[in-house]
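Chains as they are written, first to last, in the numbering used here: chain A, 1 to 297; chain B, 1 to 264. Cβ atoms here follow ideal geometry from the backbone N, Cα and C, with glycine treated the same way. Quick notes on the structure that follows.
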Amino acid sequence: MLEIIKGAVSLGLLWAMMTIGVYISYRILAIADLTVEGSITLGAAIAAQAITIGLNPYIATGISLLGGMAAGLVTGLLHTKLRIPALLSGILTMIALYSINLRVLGKASLSLLRMETVYTVFERLGLEFSWAVIVLGFLSVSIVICFLYWFFGTEIGCAIRATGNNPNMVRAQGINTNTMIIIGLVISNGLVALSGALIAQNQTFADVQMGTGSIVIGLASVIIGEVLFGKRNYFLRLTSLAMGAITYRIIIAFVLKLGMHSNDLKLFTAITVAIALALPIIKDYLNPPKITVEEGE
Amino acid sequence: MLKVDRIYKVFNPGTVNQKIALRDVSIQMEEGDFVTLIGGNGAGKSTLLNCVAGVYGVDKGTINIAGTDVTKLPEHKRATMLGRVFQNPMMGTASDMILEENLALALRRGQPRGLKWGITNKERETYRQILSHLDLGLEDRLHTKVGLLSGGQRQAITLLMATIKKPKLLLLDEHTAALDPKTAERVLSMTDQLINENNLTVMMVTHNMRDAIKFGNRLLMMHDGRIILDIKGDEKKKLTVESLLKRFGAASGEEFTYDRTLLS
């Protein structure tokens with residue numbers, strides 16, 4: 001039991017960065033960015049290949065982050081400069097990344113078994129592998145949350161938030177909304193690739209299929225985080241995303257334990273997200289909003 | 001301050017839906033001018049304003065703001081010289097962001113934005129002062145999401161945002177049309193107050209003849225993509241709704257038909 005929760009927490013922490021990336025595109029920029037399906041694998045592929053050729057795992061992970069940022073840049077340029085709708089821009093980059101990921105990996109799957117990873121340092125300090133993952137995952141998530149809390153409070157960060165909210169107003173205030181969208185997508189996909197790199201090193205392999213459905217997992221985690229942990233202030237809202245990712249993993253661990261076949265997981269996640277997104281409509285249907293007429297209106 | 005020189009704007013050129021929205025429009029505005037722009041549906045008032053703001057490019061002609069040729073400049077670059085208030089109260093503010101964040105975005109118009117804090121404590125005090133001056137009870141709501149405020153309040157905030165950094169030219173696009181009459185009147189008198197205090201150059205589109213006559217020092221009337229009347233100075237002061245309707249008939253050869261205008 002404890003083992004299951006420990007595994008879920010460590011996986012949740014690694015997926016938290018991905019969740020925060022999805023939150024940036026989906027909630028802040030109001031774009032459903034499918035690039036993440038490709039950039040999570042790109043992060044994993046780059047890290048796996050770089051470690052295989054003998055690079056330091058931390059440098060390898062850093063290159064993954066840059067790779068994800070580049071993927072976000074491509075989607076951003078397709079969307080803003082070439083005016084391709086955001087959803088389609090993301091799909092195009094995602095499909096392109098499939099080939100690129102195969103190139104990077106050299107084959108469909110690359111094993112990292114018995115190779116040095118970012119977790120090895122912590123193991124040398126005497127930590128058990130699963131604890132090493134939790135410690136490093138917690139550290140990375142904390143750094144990412146602190147960085148974003150600061151960033152979205154800066155002038156550029158405020159402009160990015162406003163762009164997703166009301167681009168007309170933002171342009172009227174002299175801000176280039178295209179630049180803001182590009183910056184947002186770059187950061188978002190960078191975080192997703194970072195997540196991919198850490199996940200690959202945790203599971204000791206990178207696989208070209210590993211990104212499939214990841215956007216839905218990200219969305220599920222975002223929604224779970226928002227529903228269960230609220231969003232009273234900005235710092236808590238970012239923290240709630242990490243909590244959402246962990247909760248998602250715990251839920252999945254339990255339904256697997258209850259006997260669900262792992263092949264059915266994606267169906268389960270998709271249905272969960274569909275229900276969560278439809279919740280406002282379902283609520284209205286079951287409980288029509290009462291119309292109150294006030295005097296003097 | 002504004003020099004519009006023989007601009008044309010055609011929508012959907014070469015299709016059955018082709019619409020010539022502006023034909024050979026020229027305007028010259030001096031510093032401190034307050035122009036009211038009036039006309040029926042589809043006369044081209046909003047198109048003209050949007051062409052000046054850079055929402056649309058023009059097909060012919062040039063636009064010059066405060067000595068700078070802006071004809072080819074994108075919207076966000078022109079915005080550094082402009083203050084804009086839109087017809088839709090939802091359009092001028094970011095509804096999911098709090099009041100002070102909206103004001104802070106406006107205060108930095110025309111400045112490069114970097115990694116400094118988006119709002120400083122010093123500014124907050126300024127916002128509180130400006131807002132209490134407006135007397136809308138907003139000075140204590142700096143941390144309220146703008147989406148929770150009323151249309152009138154949002155329009156007042158947009159107006160404040162448009163003028164907090166003194167613009168070379170303030171563009172008001174039927175900014176009281178979506179408000180109830182009482183609120184519209186308040187927002188309009190606040191507009192007048194802000195314009196006088198800051199000595200702004202203004203172009204205000206309105207559908208209300210009485211407002212067009214009451215405010216400003218110059219009145220332009222548009223019809224079918226052209227400016228057909230340009231009334232200023234003492235002549236404008238003597239204008240009445242009846243005389244304006246008569247002059248419209250004489251200039252356009254048509255009767256002024258615009259239900260909203262007639263009703264108001």
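The stretch 117-128 of chain B makes no contact with the stretch 170-189 of chain B, as fewer than three CB pairs between them are under 8 Å. With 16 or more other Cβ atoms inside 10 Å of its own Cβ, B/M204 counts as buried. For B/K19, the closest C-alpha among the options B/L99, B/K9, B/R154 is that of B/K9. Counting every other CB atom within 10 Å of its CB across the protein chains shown gives A/F122 a total of 16 or more, marking it as buried.
Bounds of the beta strand (DSSP E) holding B/N64 are 60-65. Assigned with DSSP and collapsed to three states, B/T120 falls in coil, not helix or strand.
Inclusion of A/L241 and A/G225 in the CB contact set at 8 Å is warranted, their separation being smaller than that value.
Residues of the stretch 84-117 of chain B with a C-beta less than 7 Å from any C-beta of chain A: R84, M91, G92, T93, A94, S95, D96, M97, E101, A104, L105, A106, R108, R109, G110, R113, G114, L115, K116, W117, listed in chain order. As the crow flies, the alpha-carbon of A/G38 is around 52 Å from that of B/G40. Nearest Cα to A/M169 within the set B/H133, B/T62, B/T176, B/E101: B/E101. Using a Cβ-Cβ cut-off of 8 Å, B/H223 does not count as an interface residue toward chain A, since no Cβ of chain A sits closer than that to its own. Membership of B/K77 in any beta strand (DSSP E) is not indicated; the residue belongs instead to the alpha helix (DSSP H) covering 75-78. Rounded to whole angstroms, the gap between the alpha carbons of B/D33 and B/T201 is 5 Å.
For the alpha helix (DSSP H) assignment, the uninterrupted runs of no fewer than 4 residues enclosed by the stretch 80-159 of chain A are, from N- to C-terminal side, 86-105, 120-124, 129-151. The closest CA to that of A/S214, considering only A/K6, A/E3, A/T19, A/G7, is found on A/T19.
Of the candidates B/R23, B/N50, B/L172, B/P181, B/R23 places its Cα closest to the Cα of B/I7.
Taking C-beta atoms as the reference points, B/H133 and B/Q155 fail to come closer than 8 Å. Contact annotation: in the stretch 157-181 of chain A, residues whose CB is within less than 8 Å of a CB in chain B are G157, C158, A159, R161, A162, N165, N166, N168, M169, V170, R171, A172, Q173, G174, I175, N176, T177. Here DSSP, grouped into helix, strand and coil, assigns A/A30 to coil.
Put simply, the stretch 175-187 of chain A touches the stretch 71-85 of chain A. At least three CB pairs are less than 8 Å apart. Identification of chain B residues near A/T80 by a Cβ-Cβ cut-off of 9 Å yields none; the smallest Cβ-Cβ distance measures about 12 Å. For B/M190, same chain residues with a beta-carbon under 7 Å away, outside a window of 5 residues either side, are L134, A156, L159 in chain order. Inter-residue distance for A/V273 and B/M91 is about 31 Å (C-alpha atoms, whole angstroms). Closest by C-alpha distance to A/T93, out of A/D33, A/Y58, A/L65, is A/D33. For B/K168, there is no enclosing beta strand (DSSP E), as DSSP marks it with neither H nor E. For B/S46, the enclosing alpha helix (DSSP H) covers residues 45-53. For A/T239 against A/I160, the beta-carbon gap comes to about 20 Å, at or over 8 Å, which does not count as contact. Around B/A79, the beta-carbon contacts reaching into chain A at under 7 Å are R171, A172, Q173, G174.
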